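Engineer:
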Amino acid sequence: MADTIISIDRISLIAYDNGRFNHYLKNSSYVDIDFQTKKTYGFRQAYKGLYGEFIEVDGKGKVRLDFNPNKVNMNEIGHILSHLKYPHLTRLDIAVDYFNIDFQNIEWSSMRARKRNYWADEYETLETLYIGSPSSDKRFRIYNKALEMEEKKKESANFGHWWRIEVQHRFKANDNYSPPEYLLPNLFDIRPYRKNLDISFIDKFSERTTVGYLLEHPEELKKADKKTRAKYKKLLEEAKERAGAVLENPPHEVYEKEKSLLADQLKDLFSKCARLTAFEEVV
Numbered sequence: 001m002a003d004t005i006i007s008i009d010r011i012s013l014i015a016y017d018n019g020r021f022n023h024y025l026k027n028s029s030y031v032d033i034d035f036q037t038k039k040t041y042g043f044r045q046a047y048k049g050l051y052g053e054f055i056e057v058d059g060k061g062k063v064r065l066d067f068n069p070n071k072v073n074m075n076e077i078g079h080i081l082s083h084l085k086y087p088h089l090t091r092l093d094i095a096v097d098y099f100n101i102d103f104q105n106i107e108w109s110s111m112r113a114r115k116r117n118y119w120a121d122e123y124e125t126l127e128t129l130y131i132g133s134p135s136s137d138k139r140f141r142i143y144n145k146a147l148e149m150e151e152k153k154k155e156s157a158n159f160g161h162w163w164r165i166e167v168q169h170r171f172k173a174n175d176n177y178s179p180p181e182y183l184l185p186n187l188f189d190i191r192p193y194r195k196n197l198d199i200s201f202i203d204k205f206s207e208r209t210t211v212g213y214l215l216e217h218p219e220e221l222k223k224a225d226k227k228t229r230a231k232y233k234k235l236l237e238e239a240k241e242r243a244g245a246v247l248e249n250p251p252h253e254v255y256e257k258e259k260s261l262l263a264d265q266l267k268d269l270f271s272k273c274a275r276l277t278a279f280e281e282v283v
């Protein structure tokens, strides 16, 4: 197994009935029509597919489809989409899996100010790190995938260390992109660096103390004035550069290398629809 794998881990889209979707729901053995929920977020009914797909309909032709491409029957997803038109994504999750690498000695910096939430065990060992708020357009989740598999009583012993970096990106209804455009540039705008950086190269005690504090509390830097912020940002970057690369294939590089393949997957998905959104063919 490769040390690093990237994949589309979740897709949520809105599309519209081309006139045959209700017939599909009633006659498909793939969809559980007995599973229905109360009206939520403008949708009247919800259905489940065999592999966790979630389908919502509003009774007026609007359909929401949510699924994990790694788990579902993609031929059946294509069949579902063949009854829908004018699709647009509302959420796209991209996951980068790292095998045989321990993330306990890695910290993460964000290229923009974002909230952070750490989940650790009783020994202060990191289990999950969230970068970004739940309501933001973009949120990162960095977590111990091997531990998650163990808790779900699934085999993970053969993987050793297994960590996942997941970016969750939400889109608005008017973000009517062509499929490749959903894969935004600089999607993975976080960077790894080593924990316990050596900052002894900073001569002044006050500056060294401040850098040490900012490494523990990066969100505090935004409270400084522009000149001070630039000064300490430079010192922080120097400390990280001196430590050297902590990951051979950081997520932003993996993403840039494989982005065209991910775009092809989205184009293939959209091509299954009865009719596309603001363009007549997938470009």
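Using the UniProt record's numbering, you'd call the opening residue of the sequence shown number 1 and step up by one each time.
Even for Gly, the Cβ is constructed at its ideal location relative to N, Cα and C.
If you're wondering where the values come from, they're calculated on a predicted model, not measured in any experiment.
Who pairs with Val96 in a beta bridge, going by DSSP?
Structural biologist: In the DSSP output, where bridge partners are listed per residue, Val96 has Ile6 and Ile165.
Engineer: So, are the CB atoms of Tyr16 and Tyr86 less than 8 Å apart?
Structural biologist: A contact, by the Cβ cut-off of 8 Å.
Engineer: Give the straight-line distance between the Cα atoms of Glu56 and Gln45, rounded to the nearest whole angstrom.
Structural biologist: Those two C-alpha atoms are separated by around 6 Å.
Engineer: So, helix, strand or coil for Val246, using DSSP?
Structural biologist: Three-state DSSP puts Val246 in coil, outside helix and strand.
Engineer: Among all the DSSP beta bridges, which residues are the ones paired with Ala46?
Structural biologist: Answer is Glu56.
Engineer: Is the beta carbon of Val96 closer than 8 Å to that of Thr210?
Structural biologist: Contact flag unset, no.
Engineer: Give a yes or no on whether the C-beta atoms belonging to His88 and Ile14 are separated by under 8 Å.
Structural biologist: Against a cut-off of 8 Å, the Cβ pair of Ile14 and His88 comes out as a contact.
Engineer: Report the option in Tyr47, Phe67, Leu276 and Ala113 whose CA atom is closest to the CA atom of Lys233.
Structural biologist: With distances taken between Cα atoms, Lys233 lies closest to Ala113.
Engineer: Please state whether DSSP places Arg208 in a helix, a strand or coil.
Structural biologist: It is helical.
Engineer: Please go through the same chain and pick out, in chain order, the residues whose beta-carbon is closer than 7 Å to the beta-carbon of Asp9, but skip the five residues on each side of it.
Structural biologist: Correct list, in chain order: Asn68, Asn70, Asp93, Ile94, Ala95 and Glu166.
Engineer: When the Cα atoms are used, what is the spatial distance from Lys231 to Ile202?
Structural biologist: In a straight line, the C-alpha of Lys231 is about 12 Å away from that of Ile202.
Engineer: For a test of the three-state rule: what should DSSP assign to Phe270, helix, strand or coil?
Structural biologist: Note: Phe270 maps to helix in three-state DSSP.
Engineer: Could you check how far apart the C-beta atoms of His161 and Leu187 are, in whole angstroms? I think they sit under 8 Å.
Structural biologist: Going by Cβ atoms, the distance from His161 to Leu187 rounds to 24 Å, so no, they are not a contact pair.
Engineer: With H, G and I counted as helix, E and B as strand and the rest as coil, what does DSSP make of Ile199?
Structural biologist: Three-state DSSP puts Ile199 in coil, outside helix and strand.
Engineer: Could you check the C-alpha separation between Tyr98 and His23 for me, to the nearest Å?
Structural biologist: Cα-Cα distance, rounded: 43 Å.
Engineer: Applying the 10 Å Cβ sphere with the 16-neighbour rule, what's the burial state of Glu241?
Structural biologist: It counts as exposed.
Engineer: Between which two residues does the beta strand (DSSP E) containing Ala120 stretch?
Structural biologist: Ala120 -> beta strand (DSSP E) spans Arg116 to Ala120.
Engineer: Within 10 Å of its beta-carbon, does Lys145 have 16 or more other beta-carbons around it, so buried, or fewer, so exposed?
Structural biologist: Buried, by the Cβ-count rule.
Engineer: Kindly identify the DSSP beta-bridge partner or partners of Tyr193.
Structural biologist: According to DSSP, Tyr193 bridges with Glu107.
Engineer: Among Ser29, Arg20, Lys204 and His217, which has the Cα closest to the Cα of Lys60?
Structural biologist: Selected option, being the one with the closest Cα: Arg20.
Engineer: Which residue wins for smallest C-alpha separation from Phe43, given the options Lys62, Asp121, Asp189 and Ser260?
Structural biologist: Residue Lys62 is the option with its Cα nearest to Phe43.
Engineer: If you drop the 5 nearest sequence neighbours on each side, which residues of the same chain put their C-beta closer than 7 Å to that of Asp32?
Structural biologist: Tyr47 and Lys48, listed in sequence order.
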